[in-house]
Amino acid sequence: MKKYILLAVLFTLFGLVACYDDDSSLATREIGDIAIDTLKDASIISYSGNKLEREPKIETKYSEEQLAYAWYIYKEDQQEGFRTNKIDSVKNLSYEINLAAGNYTVVFEVTAKENGYSVAEEMKLAVSTTFSQGFYILKETAEGNSELDVYTQDGLVPDLLTNSQGEPLIGAPRNLSVCFGQAFIDTEENVMATGNTVCVTTEQNKFACFRTVDMLKVFDNSNLLFEEMEADESPYCMVRSLSRIFYFSSKGIRSASTDENSGKMGFPLDSESSKHVQIVNGGFGGHVYWNNSKHRVMTVDYNCSGVSEVEFNTEVNQDNLECLSSGLNYVGGSEMIYFLCQDKTSGVRYLYLLSGGNIVEIRPLKSNLHLAQGDIIAGNGLTGTLIYCVHDNKLYGYNFDAESEMEIPITGIPEGATISYFSNQYWNMGLFGDTSLNFDNIVVGTQEGDNYTVYLYNIRGGQPYGEPITVFSGEGKLRSVRYVCQAAVNMTAMLGPMYGFGPCFPY
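Letter by letter, the sequence shown follows residues -20 to -1, 1 to 487 of mature numbering (1 follows the signal peptide of the UniProt record, and there is no 0).
1) Using beta-carbon positions only, say whether Asp200 and Ala211 come within less than 8 Å of one another.
2) Report all residues from its chain with a CB closer than 6 Å to the CB of Gly175; omit the five preceding and five following residues, and keep chain order.
3) Kindly indicate which three-state DSSP category His267 falls into: helix, strand or coil?
4) Verify whether the separation of the beta carbon atoms of Ile14 and Gln133 is less than 8 Å.
5) In this structure, does DSSP put Ser74 in helix, strand or coil?
6) Is it true that the CB of Cys284 sits closer than 8 Å to the CB of residue 491?
7) So which of Gly263, Val280, Phe264, Ser400 has the shortest CA-CA distance to Glu252?
8) For Tyr437 and Gly359, I'd like the C-alpha separation in whole angstroms.
9) Just the C-alpha distance for Lys186 and Tyr216, rounded to the nearest angstrom, thanks.
10) Compare the Cα-Cα distances from Glu45 to each of Ala92, Thr64, Ser69 and report the closest residue.
11) My parser needs the beta strand (DSSP E) runs of 3 or more residues fully inside the stretch 8 to 53; what are they?
12) To the nearest angstrom, report how far apart Glu60 and Tyr54 are at their CA atoms.
13) Quick one: what does DSSP say Leu141 is sitting in, helix, strand or coil?
14) For Glu315 versus Asn261, is the C-beta distance shorter than 8 Å?
15) Check this for me: beta carbons of Tyr97 and Gly114, under 8 Å apart or not?
16) By the three-class DSSP mapping on this structure, what secondary structure does Pro477 have?
17) Where does Asp299 fall in DSSP's three states?
18) Of the choices Thr433, Ile399, His275, Asn297, whose alpha-carbon is the least far from that of Tyr368?
19) When you compare the stretch 291 to 305 with the stretch 340 to 356, are there three or more beta-carbon pairs, one atom per stretch, that lie closer than 8 Å?
20) With C-beta atoms as the reference, is Tyr310 less than 8 Å away from Ile356?
21) Identify whether Met471 lies in helix, strand or coil by the three-state DSSP scheme.
22) Cβ atoms of Val287 and Leu334: under 8 Å apart, would you say?
23) Would you decide whether Val178 is buried or exposed? Buried here means 16 or more other CB atoms lie within 10 Å of its CB.
24) Can you name the start and end residues of the beta strand (DSSP E) that Gln162 belongs to?
25) Going by Cα to Cα distance, which pick from Glu428, Ser384, Ala22, Gly361 is closest to Ile393?
26) Exposed or buried, what is Asp17 when buried is set at 16 or more other beta-carbons lying within 10 Å of its beta-carbon?
27) Would Lys244 pass as a contact of Phe206 if the rule is Cβ separation under 8 Å?
28) Just to confirm before moving on: does the CB-CB distance between Arg220 and Val469 stay below 8 Å?
29) According to DSSP, simplified to helix, strand and coil, what is Asn261?
30) Would you decide whether Val180 is buried or exposed? Buried here means 16 or more other CB atoms lie within 10 Å of its CB.
31) Give the straight-line distance between the Cα atoms of Glu168 and Gly146, rounded to the nearest whole angstrom.
32) Between which two residues does the beta strand (DSSP E) containing Arg63 stretch?
33) Identify whether His350 lies in helix, strand or coil by the three-state DSSP scheme.
34) Nearest to Tyr122 by CA position, among Gly135, Glu94, Gly151, is which residue?
35) Take the Cβ of Ala352 as the centre, count every other Cβ of all protein chains shown within 10 Å, and call the residue buried at 16 or more, exposed below.
36) Roughly how many whole angstroms lie between the Cα atoms of Thr110 and Lys346?
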């Protein structure tokens, strides 16, 4: 009896194995027979009739009738699975983009109907609004007031303040700042919010901050502080630190957290400041800035809890100095900040060089250097130890390491055009962001009467390389160009220099 029972069990097991093998073979015989070619990433402006169109190439042994298709989209911060938001069930996609600005992932999925086997391919989609990403231009109007244009992938959009606020900001342009992740009260929704902003200050002490998604004015002289700004306060600039937004003015330095709150600024530190501000170690070391009344380089910590003079043993009489320019250089993993100052009586210029927030040298510049005479000064960020200057309508580069100077040729600008602006604009998120957004450009502006032209160049060895990659023109006197990216900037991104890549953006 035991023998028969054992044989029955064995036959049963053999039968189960045979059934398993047959089922497995049936279910998996087509696995691997679907392949989707890479989908190209895209950048699209929303709410302007633009469509995301893709005709994917598929290699398969299945017939068209045996396949099912699906397209999905999800935002970068979405926690649910990618199948949460299905946008179509066709092979070739034509999807009109009516989405909030941000970074998205689009997924294309192909499924074999008979066995449920599926293959998916994804692509990145950067969605912007008309104002959320591009080069902002601060310009002076014919009446002497401050106005903004923005250049995006769809071209130039002029006179943003007139079109959104009804008029330009009163007074000639003083400064244009970009604040990533600024907190404010959304007056349209009546909620606390955060967003990227551009901030304009004028020589008549007017101040205004605008959300870059839609140009909603979130702050001005009446509501930035807990009570209306005093008439004699001169607003200079706003900058991002690790987790705070700093406001620099003639009354000192205030700050507010980037967490969702009112964004209003509290009591000030110090009794003066200026628009010449640079971040130290990605914000971990706070900021260094020029104090207009003390004629000194000062430092404020990243919490805005204390300020102090950056001391240095020098025989230079600093009490008569004014700051002309400042910048941050990050080449070869070494941070170097400069302040270029000039004696208001003698005209002698001095180059302050700082590392880690400490002054390492105050260098008198020889009078025959173009840097000692030029009136347009800008720093290189990531590709060369250079400080640029425009002198007699020619571009020069001063190598602060080698203490040497050279003329830098610029191609593609009409002969006789007057250079009125120069900067090195870049975006570098390193390992902690969407590196597809990274760029590094030389920006040259020229002026002819009441019309400006901007030329963007690729950069090589710290110099503009080849012909301009982009040229655009507008009406008004060009005063500043600042790049705004719609990407979120968090504390990790701000700490970029500590991880071996450049700052996210130059001040």
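Glycine included, C-beta positions come from ideal geometry on N, C-alpha and C.
According to the structure shown:
1) No; because the gap between Cβ atoms is not below 8 Å, this pair is not in contact.
2) Arg191
3) strand
4) no
5) The three-state reading of DSSP puts Ser74 in strand, counting E and B together.
6) This structure cannot speak to residue 491, because the chain is shown only from -20 to 487.
7) Of the listed residues, the one whose Cα sits closest to Glu252 is Val280.
8) 16 Å
9) 10 Å
10) Ala92
11) 14 to 16, 22 to 25, 31 to 34, 38 to 40
12) 9 Å
13) Helix, per DSSP.
14) yes
15) no
16) helix
17) helix
18) Ile399
19) Contact holds: three or more Cβ-Cβ distances are below 8 Å.
20) no
21) helix
22) Cβ distance not < 8 Å, so Leu334 and Val287 don't count as in contact.
23) Buried.
24) 153 to 166 is the extent of the beta strand (DSSP E) around Gln162.
25) Glu428
26) Residue burial is scored here from C-beta neighbours: Asp17 has fewer than 16 other C-beta atoms within 10 angstroms and is therefore classed as exposed.
27) yes
28) yes
29) Looking at Asn261 - three-state DSSP - the assignment turns out to be helix.
30) buried
31) 18 Å
32) Neither: Arg63 is in no beta strand (DSSP E) and is coded neither H nor E.
33) helix
34) A small fix is needed here, since residue 122 is Ala in this sequence, not Tyr. That would be Gly151, whose Cα lies nearest to the Cα of Ala122.
35) buried
36) 47 Å
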